[in-house]
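Quick note: to get the numbering used here, add 63 to the position in the sequence shown (first position is 1).
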Amino acid sequence: MAFRGVNVLMLIDWQLTVGGLVLLSVRFLAEGLPGTINGTNVLGLGYLIVLGSLLAHRSRETLLLRAEGRERRHCG
């Protein structure tokens, strides 16, 4: 299936978001809600979210810069 006129990175972002929501819903159906939620759990989850987001963003930017460099070398 071709998605003409669609930004590829935006399409990938939406696919990852929908995939995460599907996995989250399956997790809740299989295991239910967590028994206890306290400050330590919330801080740990926040830490993982922020660290994971920063790592993913930096990796994406690095790969895009490398891809841009390759395109410039091949074009000119």
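Don't be surprised by glycine CBs; every beta carbon is placed ideally from N, CA and C.
Item                                                                                                                    : Value
Any beta strand (DSSP E) of 3 or more consecutive residues that is wholly inside the segment 65 to 94                   : none
Cut-off 8 Å between Cβ atoms - residues of its own chain near L79, not counting five sequence neighbours on either side : none
W77 versus G98 - alpha carbon distance                                                                                  : 31 Å
For V89 and L126, the rounded distance between their alpha carbons                                                      : 31 Å
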